[in-house]
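Trainee: Chains as they are written, first to last, in the numbering used here: chain A, -8 to 412; chain B, -18 to 128; chain C, 73 to 260; chain D, 2 to 386.
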């Protein structure tokens, strides 16, 4: 952690023992510049970077690999990117998964081997992968680890009882007999959202069309298509007003990210992507929070992340955003909560040429629903885009916003602010 | 021999299918038990927190706002309003709010004229006959439009 | 409210649960009668989750070998081990494993238990003999869980040599239960 | 790394079947912990909750369901999950929230409601096993415990009677715990004659299934000093997970517990745990596990924990009291809540507030440990005053 003692110690080392904090003189501009620069570097040393990211799967089904083999594949790629040996170098492993998506109770039992984490510091969160990034971030900040690994995956193709599992997430007495598989909650939320924010059905169809088309330029997308707004509006209802095409379809895949302290990061990769800020939040479990037109969890998580990153006006700070769009309307709702777009697509605020373009990757509507891995999928897409932009020396893309939501019936989500400078 | 151990490329891609049947007996809890007793008498009960001057549905032994113990129950008004709804085929699912009460109650909505369905419409519960009520949420058969 | 919650409120820190003056902790135990009775309403719920897990390369191959009456492992040239059950990666070296190795269908009891209960905690009529069996041909200590048969409770011991009792070939389906159980391989 | 203190603890009763829902239990424990810290929910920056399998409470994503009851509404909220090791891991997770500078005050809650699952909570344990190689054999959790117990006995030549002493001690200690589910005065003979379940495991070797919750309040140094003159510091945390392939390991010794302990000892600057740890709350869902874990924690030499038990060293008035609370065998085993209960016991013992359970000798440093998964996870917390 950066603190007064640390800066003092650093100044001693740089300018000699006669210098004492509180009674030195500023003699020249060069001196102050060096001071500011060095303190800036010190502050940067307090940061956490993503130094490697690997993935596998990204397909409606992955029959040729068991979940373990899928994870081994993604982990191998992530470690290779930053030359990490998980058996020696990694101080903490964090896996994000839920029992019933695996079909195994206490599913963390099956986490270590394929990550190289046997007899190592590994833990599981029953959370989204982006919460895992927050946990790894805290592990690095608290000194538990200087290199930390985050893993999350989906084998939804193996879950034949997806609607039963979703039903099982509902409160048993008041909600389960009424709300079927929970999808009516999304539909009710959508109706209330459209009502409160005066969003037209066409606006939501615009999101579908944009994301499905964006996905055509992404190798990882399974569900990309050239869909017009008009076609999107003809899709059948799952639960009125929610249409089939507005729901992210299930997909398999695994993402593994390697995080490191600033000190380590610079020697591990030429392209560190800095986590400038991170936040997470849960609104209430209550029914009104489940169908609320406002995404309070995203708003509060963003507030936390923006505070750490020093973001004052997100609408002009970010170059692009990867935002949860499990249901098409959620993209608009989340963009509003994150402060990166005024409501209503008719204003073009979430289109490709918007001030902060959203889901250029194609979003979940193209990539699919990867349950607990969703946050890491958003992170992967943002990291790849930042790195590609840097490689191509295109100046435009340096700061990204990443956001995730845990899905119905939760009101929980996380936000990360990424930067390459 | 049908099985060749030396051939690395032999993929026996096959799924392993199995089920996890689970059976539960959920306790309704302290507040849920009171709510369920209220249903038998045709009442919908909310819990109240006098510090926050707030009542909440479904009732809870704690106040979500101040995280202290709730201190009693109140009956909600006979008519609520439609906060939102969703439909599939003949089934309409509604989120109902009651005046002066935080929270929502989810239930089925029976409606003859879909055109009258709109956010903010007044609705009221229709209970099943007292004799067959058992304290379940389904003691309310459905909600109907109160216009 | 029917219970002592009222009055035990935020703000009046009088009833602190510190253990210097242990006040009665909160919580209402249900009596067996209440649990079975009609006074307190319970919500009953039944569900069934079905999965179709991809066995993947390692387990897919292992199960196929069982069907052919063989037990296979994978070798790792990093640590020179033969791994049973097989996996496509070595958890110690974090590298892909190298080759399929036929191991034997004999082994040694590493540890055992005699189970009088089923997995729903109900009593069994006949006890079940269960053991971890170190498989011959695999690296020392490598084995898997299985059942023991054709043996008396008193005869079972750690270190006992056993051999797989295979189901007839036409009854095998490519499952761990293609081996009915392991039985003593020497005269006891 | 910032200093982290525990400033409050609370728990519900532990019982076989309870009226309260999981949310209500979480609330009762959280409220009690906040009361004991003299704090309000508005003082809490973030919340960490732990709970074991979703199959017990009967809710997918049960962390989300329990959220309101654990005071997580409108806050950064995380559910951590390392099987049976979760309980002691919860305060470790709350620790890194504070140590990293992300939060100043964290509410740490453990909840478990096992009773909803029918016909018996044990059934959930079938689904913890490998779906291809183990579930088709009809495996139960009791198998692996009994297999491990047999291996431990066989390698070190330990008698069942020696192991039974642990059950006698812990159930007796629980007589003084106001939350206890199974306090009783029994003899070694009672344990030996109790019904065999999965030999060598007998009825009285096992902890019960339970409903319950427990909670702690953790704070940074400056906040802690504002609220109490008597903070108890968390000076070491450790966790470790061994390979999934449990049939490829020698079950006689828990290496993962040793590695978790070493992580915590290093952090706390402890080089000779047997001398420097004054008392410990060691995970005891089965009586032999207490012995097994004492050895993993380096509180006993391999195979010698039974001897220490026989000599009375681990009694409340002994030189190294183990499980003065009564442990899981006596107080009950609502899994994640049971681990938090152990850390709460450190808090109460170190503050001298354990009443009739207070250990005889003066204590300055205690250790709590839990274990989980397929005999795989070790979690350790060290606290000092």
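Just so you know, even glycine gets a beta-carbon here, dropped at the ideal spot from N, CA and C.
Between residue 2(D) and residue 133(A), which are expected to be in contact by the criterion C-beta below 8 Å, what is the C-beta distance as a whole number of angstroms?
Mentor: About 6 Å separates the two Cβ atoms, so the contact holds.
Trainee: How far does the alpha helix (DSSP H) with residue 186(C) in it reach, from first residue to last?
Mentor: It is not in any alpha helix (DSSP H) - residue 186(C) instead sits in the beta strand (DSSP E) that spans 178 to 189.
Trainee: Would you please state the rounded distance, in angstroms, between the beta carbons of residue 85(A) and residue 42(A)? I believe it to be under 8 Å.
Mentor: Going by Cβ atoms, the distance from residue 85(A) to residue 42(A) rounds to 15 Å, so no, they are not a contact pair.
Trainee: Assuming contact is defined by CB atoms lying nearer than 9 Å, are residue 122(C) and residue -2(B) in contact in what I supplied?
Mentor: Yes, they are a contact pair.
Trainee: Would you kindly report the start and end of the unbroken alpha helix (DSSP H) that includes residue 205(A)?
Mentor: Note, residue 205(A): alpha helix (DSSP H), 192 to 205.
Trainee: How would you write the range of the alpha helix (DSSP H) that residue 171(D) sits in, first residue to last?
Mentor: Here the alpha helix (DSSP H) through residue 171(D) covers 161 to 174.
Trainee: Ignoring anything shorter than 3 residues, give me the beta strand (DSSP E) runs that lie fully in the segment 93 to 132 of chain A, in order along the chain.
Mentor: Qualifying beta strand (DSSP E) stretches, in chain order: 113 to 116.
Trainee: Within 9 Å (strictly less), CB to CB, does residue 47(A) reach chain C?
Mentor: Judged by the 9 Å Cβ criterion, residue 47(A) is not in contact with chain C.
Trainee: When the cut-off is 9 Å and only beta carbons count, does residue 3(B) lie next to chain C?
Mentor: Taking Cβ atoms only, chain C reaches closer than 9 Å to residue 3(B), which makes this a yes.
Trainee: DSSP on residue 133(C), reduced to helix/strand/coil?
Mentor: The answer is helix: DSSP assigns residue 133(C) an H, G or I state.
Trainee: CA-CA distance, residue 100(B) and residue 158(A)?
Mentor: When rounded, the distance between both Cα atoms is 25 Å.
Trainee: Excluding sequence positions up to five away, which residues of its chain have a Cβ less than 7 Å from the Cβ of residue 144(A)?
Mentor: Once the five neighbours on either side are set aside, the close Cβ partners of residue 144(A) are 58, 61, 62, 244, 245 and 364.
Trainee: Going along the chain, which residues of its own chain have a beta-carbon closer than 6 Å to the beta-carbon of residue 229(D), five neighbours each way excluded?
Mentor: These residues qualify, in order along the chain: 8.
Trainee: Roughly how many angstroms separate the alpha carbons of residue 74(A) and residue 361(A), rounded to a whole number?
Mentor: Looking at the two C-alpha atoms, the distance is approximately 27 Å.
Trainee: Nearest to residue 217(C) by CA position, among 242(C), 182(C) and 197(C), is which residue?
Mentor: Out of 242(C), 182(C) and 197(C), 182(C) has the C-alpha closest to the C-alpha of residue 217(C).
Trainee: Between residue 47(B) and chain D, is any beta-carbon pair separated by less than 9 Å?
Mentor: Closer than 9 Å: yes.
Trainee: Spell out a yes or no on whether the segment 79 to 88 of chain D and the segment 95 to 114 of chain A are touching, meaning 3 or more CB-CB pairs, one atom from each, closer than 8 Å.
Mentor: With a cut-off of 8 Å, the segment 95 to 114 of chain A and the segment 79 to 88 of chain D count as touching, because enough Cβ pairs lie within range.
Trainee: Put residue 214(A) into one of helix, strand or coil per three-state DSSP.
Mentor: Residue 214(A): coil per DSSP, three-state reduction.
Trainee: So, helix, strand or coil for residue 334(D), using DSSP?
Mentor: Three-state DSSP puts residue 334(D) in coil, outside helix and strand.
Trainee: Return the chain-ordered list of same chain residues with a C-beta closer than 6 Å to the C-beta of residue 154(C), the five sequence neighbours on each side being excluded.
Mentor: Within the same chain, residue 154(C) has close Cβ partners 145, 147, 173, 210 and 211.
Trainee: On a Cα-Cα basis, can you pick out the residue from 47(D), 381(D), 31(D) and 288(D) that is closest to residue 193(D)?
Mentor: The option with the nearest alpha carbon to residue 193(D) is 288(D).
Trainee: Just checking: is the beta-carbon of residue 112(C) within a distance shorter than 9 Å of some beta-carbon in chain B?
Mentor: It does; some Cβ of chain B falls within 9 Å.
Trainee: With which residues is residue 118(B) paired in a DSSP beta bridge?
Mentor: Partner(s): none; residue 118(B) has no beta bridge.
Trainee: List the residues of chain B that residue 121(C) touches, going by C-beta distances under 9 Å, in chain order.
Mentor: Near residue 121(C) (Cβ distances below 9 Å), the residues of chain B are 0, 1, 2 and 3.
Trainee: Quick one: what's got a C-beta closer than 7 Å to residue 359(D)'s C-beta in the same chain, skipping five residues either side?
Mentor: These residues qualify, in order along the chain: 350 and 353.
Trainee: Would you kindly check if the distance between the Cβ of residue 10(B) and the Cβ of residue 1(D) is under 9 Å?
Mentor: Because chain D is modelled from 2 through 386, residue 1(D) falls outside the range shown and cannot be assessed.
Trainee: Would residue 281(D) pass as a contact of residue 263(D) if the rule is Cβ separation under 9 Å?
Mentor: Going by C-beta atoms, residue 281(D) is not nearer than 9 Å to residue 263(D).
Trainee: Let me know the beta strand (DSSP E) ranges lying completely inside the segment 91 to 168 of chain C, each 3 residues or longer, listed in chain order.
Mentor: As far as the segment 91 to 168 of chain C is concerned, its whole beta strand (DSSP E) runs of at least 3 residues are 114 to 126, 143 to 148 and 153 to 155.
Trainee: Looking at the strands, I want to know which residues DSSP matches up with residue 410(A).
Mentor: Answer is 265(A) and 390(A), bridged to residue 410(A).
Trainee: Mind listing the chain D neighbours of residue 189(B)? Cutoff is C-beta to C-beta under 7 Å, in chain order.
Mentor: This structure does not reach residue 189(B), given that chain B is present from -18 up to 128, and the question cannot be answered.
Trainee: From the DSSP output, which residues share a beta bridge with residue 448(A)?
Mentor: Because residue 448(A) is not part of the residues shown, which for chain A are -8 to 412, the question remains open.
Trainee: Measure from the alpha carbon of residue 204(D) to the alpha carbon of each residue in 345(D), 369(D) and 330(D), then state which is nearest.
Mentor: When only C-alpha atoms are compared, the closest one is 330(D).
Trainee: Kindly say whether residue 104(B), judged by its beta-carbon, lies nearer than 9 Å to any beta-carbon of chain C.
Mentor: Answer no: the Cβ-Cβ gap between residue 104(B) and chain C never drops below 9 Å.
Trainee: Curious, which full-length beta strand (DSSP E) runs of at least 3 residues does the segment 30 to 69 of chain B contain?
Mentor: Listed in chain order, the complete beta strand (DSSP E) runs (minimum 3 residues) inside the segment 30 to 69 of chain B are 35 to 37, 54 to 56 and 61 to 69.
Trainee: Bridge partners of residue 234(A), per DSSP?
Mentor: The partner list for residue 234(A) (beta bridge, DSSP) reads 228(A).
Trainee: Count the other C-beta atoms from every protein chain shown that fall within 10 angstroms of the C-beta of residue 210(A), then say buried if there are 16 or more, exposed otherwise.
Mentor: With fewer than 16 Cβ atoms within 10 Å of its Cβ, residue 210(A) is classed as exposed.
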